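Asks: The end of the sequence shown is residue 159 by the working numbering, with every number in the run present.
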Amino acid sequence: MPRRPEAYGDLLREKIAKHGATCWLINTGWIGDGYGTGSRMPIKATRALLTAALDGSLNEATFRKDANFGFDVPVTVRGVDAELLDPRSTWDDPAAYDAQAAKLVKMFADNFEQYLPHINEDVKAVTLG
C-alpha cells in the first residue's frame, strides 16, 4: 500500500458516510482457547452471520458492548450458537481468556501509538476515550 494506513481509514470512513453503508466485523478465524487448543469458527456460523448482515436482520439484533474493545456484539443471531457470539464463553478457562484479551488490548494500544500523530481527533476520542 503506497499510502499511510490512516489515509485508507479516512477513505473508508468517507465512503461509509457518503453511501450510508453498514459495516460488520465477523470472526471467521479462531475461537475457544489459544491457538492449537481452540478451533476454527464453524463455517455454518460464518454463513449465518453473513446472511444476517446481507439480509438486514443483523440490524435488528440486540447487542451488548464488548468489554475489551467497546464495539457492539450481537447477543443472538438466527443459526448461530449464542456461545460463539461471546468469545469468553468459548474458552475452557475464563481467567485465561481475560488475561489473553488484556494482552491483546495492550498490543493494539501499543501498536496504535505510532499512528497517533496522524489520526483525526474524533477518531482518537472514540478509540482512546
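Here a beta-carbon is modelled for each residue, glycine too, at the ideal position from N, C-alpha and C.
Every value quoted in this text rests on a predicted model; they were computed, and no experiment measured them.
Hey, how far is the Cα of residue 77 from the Cα of residue 84?
Replies: Each residue's alpha carbon lies about 10 Å from the other.
Asks: Measuring CA to CA, which of 56, 37 and 41 is closest to residue 103?
Replies: The shortest Cα separation from residue 103 among 56, 37 and 41 belongs to 56.
Asks: For residue 99 and residue 131, I'd like the C-alpha separation in whole angstroms.
Replies: Straight-line Cα distance between these residues: approximately 9 Å.
Asks: What first and last residue would you give for the beta strand (DSSP E) that runs through residue 104?
Replies: Per DSSP, residue 104 belongs to the beta strand (DSSP E) from 102-104.
Asks: Can you grab the Cα-Cα spacing for the pair residue 112 / residue 69, in whole Å?
Replies: Each residue's alpha carbon lies about 16 Å from the other.
Asks: Which stretch, first to last residue, makes up the beta strand (DSSP E) that contains residue 94?
Replies: Start and end: 93-95.
Asks: Start and end of the alpha helix (DSSP H) containing residue 142?
Replies: Per DSSP, residue 142 belongs to the alpha helix (DSSP H) from 124-142.
Asks: Enumerated in chain order, which unbroken segments of the alpha helix (DSSP H) with a length of 4 residues or greater are wholly contained in the segment 39-121?
Replies: With a minimum length of 4 residues, the continuous alpha helix (DSSP H) runs that stay inside the segment 39-121 are 73-85.
Asks: Measure the CB-CB distance between residue 92 and residue 106 and report whether it falls below 8 Å.
Replies: For residue 92 and residue 106, yes; Cβs fall inside 8 Å.
Asks: Helix, strand or coil for residue 159, going by three-state DSSP, please let me know.
Replies: Confidence at residue 159 is low in this model, with a pLDDT of 47, below 50, so the placement of that residue should be treated as unreliable; the coordinate-derived value is given next. Residue state, collapsed to three classes: coil.
Asks: Short of 7 Å in beta carbon distance, which residues of its chain neighbour residue 95, apart from the five on each side in sequence? Order them along the chain.
Replies: The residues are 102.
Asks: Exposed or buried, what is residue 37 when buried is set at 16 or more other beta-carbons lying within 10 Å of its beta-carbon?
Replies: It is exposed - the Cβ of residue 37 has fewer than 16 other Cβ atoms within 10 Å.
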